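Numbering (my numbering), first residue to last: 7 to 287.
We put the CB at the ideal spot given by N, CA and C, even for glycine.
What you are looking at is a predicted structure, and each value in this text was computed from that prediction instead of being measured.
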């Protein structure tokens with residue numbers, strides 16, 4: 007009886023797991039949620055494909071950049087530098103600065119996906135994006151892990167990737183027929199704003215969003231689009247500060263913690279003041 011080679015066995019296992027994820031009902035929910043913003047993503051991808059070719063790239067190089075880089079903001083940021091003949095380190099540094107926001111987003115993804123194998127986490131990092139992040143955290147805001155989250159992510163990620171690549175490739179081959187003056191890229195921003203608005207459910211999220219917008223505008227003159235990173239950092243800081251303040255306010259309104267009887271099993275002889283928040287009245 008022939009045996010499957012180790013490499014073939016690994017591919018077979020990956021294919022079986024992918025098939026199981028695709029059959030999960032949450033996968034279809036992720037596809038449905040992402041379909042609502044697909045029109046904006048498509049317009050953004052189309053403009054990115056057109057911009058790559060109009061910058062002087064060959065079709066093959068533009069296709070390579072679309073499938074390997076897969077980062078619309080970074081692609082659009084480095085294209086003017088490439089046209090101007092900037093040094094390679096400047097191009098790389100600009101792309102890194104534009105994508106530094108994903109470092110912050112990854113720390114939040116970790117709550118849900120840290121248990122996955124490394125190669126699976128690497129795949130998640132490639133396919134994740136801003137719109138997927140917003141849709142996912144709108145549906146799972148609590149930070150509690152559940153079995154349906156991974157299929158939901160892949161449903162949203164697969165839809166986003168297919169739409170992006172399809173229209174990016176269309177823009178690459180139709181660059182002469184689609185002028186950049188149409189401003190279709192703004193449709194992607196509007197799509198993201200629509201999803202973001204649905205997440206503004208309390209005073210903390212409204213305040214953090216307002217701070218992010220103000221910082222992004224105030225720091226617009228920063229080079230390499232560092233205003234994006236500054237806005238994210240300010241929003242996270244304000245959000246954490248407000249959550250901590252609200253938690254302390256709830257503790258203060260609850261009053262002082264009550265003494266509990268001593269526990270002989272712990273060697274306690276006198277009443278004890280509980281330190282855990284869960285034990286307070």
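Asked: In or out: residue 212 buried (at least 16 other Cβ within 10 Å) or exposed?; Found: exposed
Asked: Would you list, in sequence order, the uninterrupted alpha helix (DSSP H) runs of no fewer than 4 residues that lie entirely inside the stretch 43-90?; Found: 44-60, 65-74 and 78-89
Asked: At a Cβ threshold of 8 angstroms, is residue 16 touching chain B?; Found: Here there is only one protein chain, and chain B is not present.
Asked: Which same chain residues end up closer than 8 angstroms to residue 41 when comparing Cβ atoms and leaving out the 5 residues on each side of it in sequence?; Found: 165
Asked: Does the separation of the CB atoms of residue 118 and residue 155 fall below 8 angstroms?; Found: yes
Asked: Should residue 43 and residue 137 be called a contact, given that it needs their Cβ atoms to be closer than 8 angstroms?; Found: yes
Asked: With H, G and I counted as helix, E and B as strand and the rest as coil, what does DSSP make of residue 283?; Found: Note on residue 283: pLDDT 45, under 50, position unreliable in the model; no value is reported.
Asked: What would DSSP say about residue 209, mapped onto helix, strand or coil?; Found: helix
Asked: Between which two residues does the alpha helix (DSSP H) carrying residue 171 extend?; Found: 155-179
Asked: Helix, strand or coil for residue 184? Go by DSSP, reduced to three states.; Found: coil
Asked: Which residue wins for smallest C-alpha separation from residue 207, given the options 147, 175 and 222?; Found: 147
Asked: Would residue 139 and residue 106 be called neighbours here (beta carbons separated by less than 8 angstroms)?; Found: no
Asked: Report the residue from 102, 73 and 126 whose alpha carbon sits nearest the alpha carbon of residue 173.; Found: 73
Asked: Just verifying my parser: in three-state terms, what is the DSSP assignment at residue 266?; Found: strand
Asked: Need the endpoints of the alpha helix (DSSP H) that residue 35 sits in, please.; Found: 31-41
Asked: Touching or not, the stretch 52-71 and the stretch 84-96, by the rule of three or more beta carbon pairs under 8 angstroms?; Found: yes
Asked: To the nearest angstrom, how far is the alpha carbon of residue 91 from that of residue 231?; Found: 19 angstroms
Asked: Considering residue 113, what are the terminal residues of the alpha helix (DSSP H) in which it resides?; Found: 107-119
Asked: Can you give me the C-alpha to C-alpha distance between residue 167 and residue 214, rounded to a whole angstrom?; Found: 29 angstroms
Asked: How many Å lie between residue 89 and residue 95 at the Cα?; Found: 15 angstroms
Asked: Can you check whether the CB of residue 222 is closer than 8 angstroms to the CB of residue 243?; Found: no
Asked: Pull up the distance between the alpha-carbon of residue 125 and that of residue 17, whole angstroms please.; Found: 13 angstroms
Asked: Hey, quick one: how far does the alpha helix (DSSP H) through residue 127 stretch, first residue to last?; Found: 124-133
Asked: Just tell me which of 245, 210, 122 and 28 has its CA closest to the CA of residue 163.; Found: 28
Asked: Would you mind working out which of 102, 78, 122 and 123 sits nearest residue 135, comparing C-alpha positions?; Found: 78
Asked: Looking only at C-alpha atoms, which of 54, 21 and 157 sits nearest to residue 175?; Found: 54
Asked: One question on the structure: do residue 104 and residue 115 come within less than 8 angstroms of each other, judged by their Cβ atoms?; Found: no
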